Structure formats: C-alpha cells, structure tokens
Amino acid sequence: MSRSLNRRVFLASSAAVASGVALPMATPASASTSAPRVPDIDVRQAALDDPSEATLAEAVVLMRRGKLTSTTLTEAYLDRIERYDGTYQAYAEVTGEAALVAARKSDRGQGARGVLRGIPLCIKDNYFTQDVPTRCNSLIFEDFVPNEDATAVARLKAAGGIVLGKGQMGPLATTRATKPNGTVTTVNAWTPQDPSVDPGGSSTGPACSVAARMAASSIGTQTGGSIVLPSNQQNLTGLKPTMGRVSIHGVIPLSFTRDHSGPLARDAMDAALMLQVMAGPDLRDPRTLGLPAVPDLVRAATPVVSRGGAVRMRRATRIGVPSDFLAAQKALRTALLGRLDAIPGVTLVDITYPDDWTLLTGTFNAARLAERTEPFRHWLRTDPTKFGVSLLSWLQGLMLSGDEWITAQRAKNHLLREVLDVVMGRCDVLLQTGPVPFDILGLPEIAFPIGFDAEGVPVGTILGGQPYEEDRLLEVAAAYQAVTDWHTRRPDDPTTARSLLKSAGMERPRLSAEEAAAASS
C-alpha cells in the first residue's frame with residue numbers, strides 16, 4: 001500500500017479515535033495474509049547449552065529440529081523464577097502449574113499449533129487473563145479475576161504461546177513498578193543489587209522477565225514510553241506499533257487515544273514474530289478497523305546478507321537525525337550513526353525540528369491526564385486512597401477544563417501535520433531522543449540496544465516510523481543487529497536470590513506522590 005494512502009488512512013483514523021467512532025471496515029485482509037513462519041536461522045552455542053538463553057526464534061527452531069521440548073524450556077524458566085525472582089520481583093503472579101500442563105500438551109502434539117507453539121511468555125498485569133488475577137498493580141483491581149483473555153493474549157495463546165505469569169508494572173501503568181504506596185519492587189535486571197537504577201516503566205516486569213531470562217518474550221503497553229523505555233534500559237528490542245495495529249480490548253485503560261500494545265523481546269526477529277501474531281482487526285476495538293494490511297514483519301526482520309557475508313538494507317532507507325541527537329550519550333550515539341551509515345542502502349539525513357516543537361510536545365502533553373481520569377471517576381469520588389502513590393496525577397486530570405482539552409486536540413492535529421509533512425517528509429524513519437511526540441500521535445516506534453554506559457547499564461535508541469510501517473523499523477533494527485552484538489549480551493545472575501539486597505545494605509527506595517506524578521506516563 002502506498003505511503004500517501006497510509007497517511008490518509010492514518011489521519012482519518014486519528015480523527016475517528018478522538019471522536020470515539022470507528023472507520024468503515026476495509027477488507028478482511030487487514031490482518032496478516034498468512035501465518036508467520038520462523039526462518040531456519042543459525043542457533044547460537046549459548047542457546048544449545050542453556051535453553052533459557054535461546055531467543056524465541058531459536059527456541060522455535062530447536063523444537064522444530066527435535067532438539068528442545070516445551071516442557072524443558074518451561075521448566076528452565078520456572079527454575080530461574082524460583083531462584084531469582086525474589087530479587088528481580090518481575091512477576092506479580094506466576095502460573096507455573098498451568099504453564100507446565102500446557103507445555104506437556106504441546107509436546108504431545110495437542111493444543112494450538114501456531115508459530116509460538118510451546119513458547120513461554122510473560123504478560124503485563126493490565127491485560128485480562130482468563131481465570132488469572134489482573135490487578136494492574138492497583139488496590140482498585142486487587143480482587144479482579146477476568147472471565148476472558150484480552151484479544152492480544154488470546155491471539156498469542158491461539159498461536160501456541162504459553163502464559164508463564166503476569167509481569168509486575170507501575171500502579172495503573174503510570175511509573176516504574178512499585179507497590180501502591182510507592183515502594184520500588186521490580187529492579188533493572190542489569191543492576192539487581194541497586195534498585196535505584198531506573199529499569200524503565202511502566203512495563204518494568206515484562207522487560208525484566210525477558211532480560212533476566214525468565215521468559216522467552218513478553219508484551220507490554222505504552223502510553224508515554226512504557227515499551228521503548230524499559231527496552232532501552234534493559235537491553236531489549238521493544239516495538240510499539242501504529243495506533244490500532246493491535247487491539248487493546250481487554251486492557252485496563254490509561255489513555256484511549258494513546259494506549260498501545262506491543263512486544264518487549266530479545267531482538268528484532270522475536271519482536272516481529274510477536275507482533276505478527278498480535279496484529280490485525282478486532283471488532284471489539286474500533287481503533288483496529290479499516291486499516292492497511294499488516295506487512296510481512298518476519299521477512300522485514302530477516303537481515304539481507306550477501307554470500308560474502310555483507311549486510312545491506314532490504315530497501316533504501318533515509319534515517320533522520322535530529323539536531324539534538326548527540327546532546328546525550330554522544331560517544332554511543334556517534335558510534336551508532338557510524339554503524340548505520342556503513343550499511344549499504346542507509347542515508348543519514350539531518351533534521352531540524354519546527355520552532356514550536358517543545359511547546360507542542362511538552363505543554364500540551366498534559367491533555368492525556370483528563371483521558372486517564374474519565375474511566376476512574378467512580379473511584380476518585382468514593383475512595384481516592386485506592387490510587388495510592390499515583391493519586392496526584394489522577395487529580396490533575398480532574399482539573400483540566402474542557403476548553404483546555406479541545407485546545408490540546410487542536411495542538412495535536414497541528415503537531416501531526418508538522419511531523420508527517422515536515423519532519424517525516426525528509427526521511428523514512430527518525431532517530432528520537434524521547435518517545436513522547438510519537439506517543440501523542442500514535443506513530444510506530446522501535447527501541448533497540450546500542451551499548452552500555454560507564455556503569456554497565458544498557459543504553460538504547462528509539463526509532464520512529466511512518467504510519468503502518470512497522471516493517472521499515474524492523475528492517476533497520478535487523479540490519480543493525482546483524483552487524484553488532486549488543487542485543488546478545490546478558491546480565492550476570494544475582495549471587496543469591498533473597499538476601500542480595502540485605503547483604504548489600506540496600507533498601508528499596510520509595511517514590512513520593514510528587515515523584516510519581518513527575519515520572520508518570
């Protein structure tokens with residue numbers, strides 16, 4: 001489908017979402033035209049030695065070759081959860097017994113036979129999971145047990161995926177994972193001895209579960225960076241698709257016009273496999289209807305390599321570099337640009353933001369607060385203590401007037417035109433210094449690792465794309481990962497599971513209400 005048509009559909013869809021209506025249904029081919037298949041990739045020695053080291057794609061290939069069973073893989077993850085999650089606190093709920101039952105059925109040839117057959121996954125705890133608690137890390141939902149799966153979860157299961165448990169998250173998907181009173185729970189998998197190091201939020205637990213080798217992959221949600229930021233902080237590849245690519249039916253809401261569902265994975269191929277399964281129209285979510293067909297994401301995530309081993313882009317791609325891109329992490333970002341520029345087919349393009357960029361992406365970002373307040377007014381009126389440390393940002397939403405919200409929507413429309421017609425008019429993808437502008441607009445983003453800082457904490461970058469061009473983002477990430485190995489690095493295991501923090505003399509910090517509001521998605 002042409003880019004100009006994609007843009008017209010995206011503009012119409014954005015207007016429809018803002019008004020709460022659906023686009024007319026396009027063709028049934030809005031979903032993937034065929035079931036994805038994992039290419040016959042080379043499996044690393046580390047994955048042969050330890051199944052928990054395998055990427056999702058490697059695990060599928062090993063199972064296809066008869067070298068690995070789902071039961072063995074599931075047991076490996078559950079063993080790591082038992083040994084280490086006392087320190088990581090990545091899981092809010094572990095469904096180990098049910099996961100093993102599903103794994104044994106898969107090994108017997110029973111159950112779903114899709115591309116994820118027998119693959120253990122972590123699900124963020126704001127997705128409905130049938131007969132499994134979905135608490136959204138909030139006192140509001142402390143006793144909530146859904147009677148159905150969210151659409152995204154149902155599709156992963158239908159493809160053969162196995163739910164290992166629910167990933168811990170920020171309260172009501174706002175900050176990094178804490179208890180409702182603000183005490184930090186989930187740590188960064190790379191610095192378990194120091195809980196003050198930012199692990200990224202609010203999909204903190206799903207990211208940690210994958211980084212710490214306690215799940216093959218995971219799914220999170222993003223409203224203000226909650227897929228790409230935890231991925232950057234924990235050396236993962238996170239993919240936030242275009243608004244509407246994945247249904248949010250069965251996801252406890254934060255902001256209807258900005259909530260996205262997507263994978264947090266170990267590399268571009270794993271992210272592509274997860275999204276290929278999750279994406280497509282859902283009659284229960286009007287945002288997903290009438291959109292262009294989902295491209296072949298697995299093909300996009302397969303690097304193009306010559307017989308001599310040289311990597312090139314699948315399509316010629318202009319990568320936009322904003323004027324302030326080197327203002328932080330200069331050495332790592334300079335090296336990133338050098339690596340990208342050396343890949344045949346890549347052209348780096350200097351980008352200057354419009355003069356009103358800071359105003360449009362900063363001041364007017366507060367409009368999201370009214371959207372999060374609207375579905376929760378009942379609890380704000382009856383028992384505001386149930387919001388815990390995140391209460392302040394919910395109260396701020398009550399104070400936003402109707403005329404201010406309308407002004408913000410006009411500003412959003414102006415920003416959308418500036419991004420599509422000016423900024424993205426000069427490039428195919430855009431390197432970013434933060435996720436908020438593309439979150440406001442619902443444009444796709446991918447995060448991937450580019451190195452480590454002086455303290456050994458992962459550093460990543462965020463790449464934004466044109467509407468419905470998740471495949472182009474994956475092409476860039478896959479080519480970069482084919483010439484680097486940052487994404488294969490893994491953190492050391494904690495020396496002990498339950499006594500590490502105490503022996504190190506570290507107390508888990510506690511966020512104040514003001515800190516929680518400042519860090520809120």
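Counting along the sequence shown from 1, when you hit position 329 you're at 329 in the numbering used here, and nothing is skipped either side.
Each residue gets a CB set at the ideal place from its N, CA and C atoms; glycine is no exception.
Computed from a predicted structure; not experimentally measured.
- Burial state of Gln45 is exposed, judged by a 10 Å Cβ sphere holding fewer than 16 other Cβ atoms.
- Cβ-Cβ distances below 8 angstroms link Trp405 to Ala367, Ala370 in the same chain, with the five nearest sequence neighbours on each side left out; the list follows chain order.
- Per DSSP, reduced to three states, the secondary structure at Ser247 is coil, with no helix or strand assignment.
- When the Cα atoms are used, Leu391 and Leu340 turn out to be separated by approximately 43 angstroms.
- A contact between stretches requires three or more CB pairs, one per stretch, nearer than 8 angstroms, and the segment 202-216 fails this requirement with the segment 283-299.
- For the 8 angstroms CB-CB criterion, Gly66 and Leu78 do not form a contact.
- Two segments are said to touch when three or more pairs of C-beta atoms, one from each, lie closer than 8 angstroms; by this definition the segment 138-146 does not touch the segment 182-191.
- In the three-state reduction of the DSSP assignment, Glu142 falls in the coil class.
- If you ignore the 5 residues before and after Ala159, its C-beta comes within less than 7 angstroms of the C-beta of Ala112, Gly114, Val115, Leu116, Val277, all in its own chain and listed in chain order.
- In this structure Asp107 is in contact with Gly118, their Cβ atoms being roughly 7 angstroms apart against a cut-off of 8 angstroms.
- Three or more Cβ pairs drawn from the segment 50-63 and the segment 252-268 lie within less than 8 angstroms of each other, which places the two stretches in contact.
- Annotation: the continuous alpha helix (DSSP H) that includes Ala482 extends over 470-482.
- In the DSSP assignment, Ser2 falls outside any beta strand (DSSP E) and carries neither an H nor an E.
- At a Cβ-Cβ threshold of 8 angstroms, Leu420 and Arg7 count as neighbours.
- For Ala447, the uninterrupted beta strand (DSSP E) segment begins and ends at 445-452.
- With distances taken between CA atoms, Pro180 lies nearest to Ser138 out of Ser138, Gln193, Gln432, Gly161.
- Sixteen is the threshold: when 16 or more other Cβ atoms of the shown chains lie within 10 Å of the Cβ of Lys240, as they do, the residue is buried.
- For Gln193, the secondary structure class from DSSP, reduced to helix, strand or coil, is coil.
- Nearest Cα to Phe10 within the set Thr484, Gly465, Ala517: Gly465.
- Using a 10 angstroms sphere on the CB of His378, the tally of other CB atoms stays under 16, which defines it as exposed.
- Put simply, the backbone Cα of Asp285 is about 15 angstroms away from that of Ala15.
- With a beta-carbon spacing of about 7 angstroms, Arg472 and Thr317 fall inside the 8 angstroms limit used to define contacts.
- Secondary structure at Cys136: coil, using DSSP grouped into helix, strand and coil.
- Taken through DSSP and simplified to helix, strand or coil, Val429 comes out as strand.
- Contact between Tyr88 and Pro253 does not hold, since their C-beta atoms are separated by about 27 angstroms, which reaches or exceeds 8 angstroms.
- Between Gly451 and Leu332, the gap from beta carbon to beta carbon is short of 8 angstroms.
- Looking at the DSSP output, Leu121 bridges to Val163, Ser217.
- Beta-carbon to beta-carbon, Val423 and Leu430 are separated by about 7 angstroms, close enough to satisfy the 8 angstroms threshold.
- Here Ala76 has Asp50, Pro51, Ser52 as same chain residues with Cβ atoms under 8 angstroms from its own Cβ, once five neighbours each way along the sequence are excluded.
- For Ile227, the closest alpha carbon among the candidates Leu511, Glu507, Gly434 is that of Gly434.
- The beta carbons of Ser196 and Leu121 sit no closer together than 8 angstroms.
- If you check the CB distance, Thr288 and Tyr468 do not come in under 8 angstroms.
- A distance below 6 angstroms between beta-carbons, with the five flanking residues on each side excluded, links Leu229 to the following residues of its chain, in chain order: Gly200.
- Beta-bridge analysis with DSSP links Ser261 to Thr221.
- For Thr347, there is no enclosing alpha helix (DSSP H); the residue is part of the beta strand (DSSP E) that begins and ends at 346-351.
- In this structure, DSSP gives Pro230 a helical state, which the three-state scheme calls helix.
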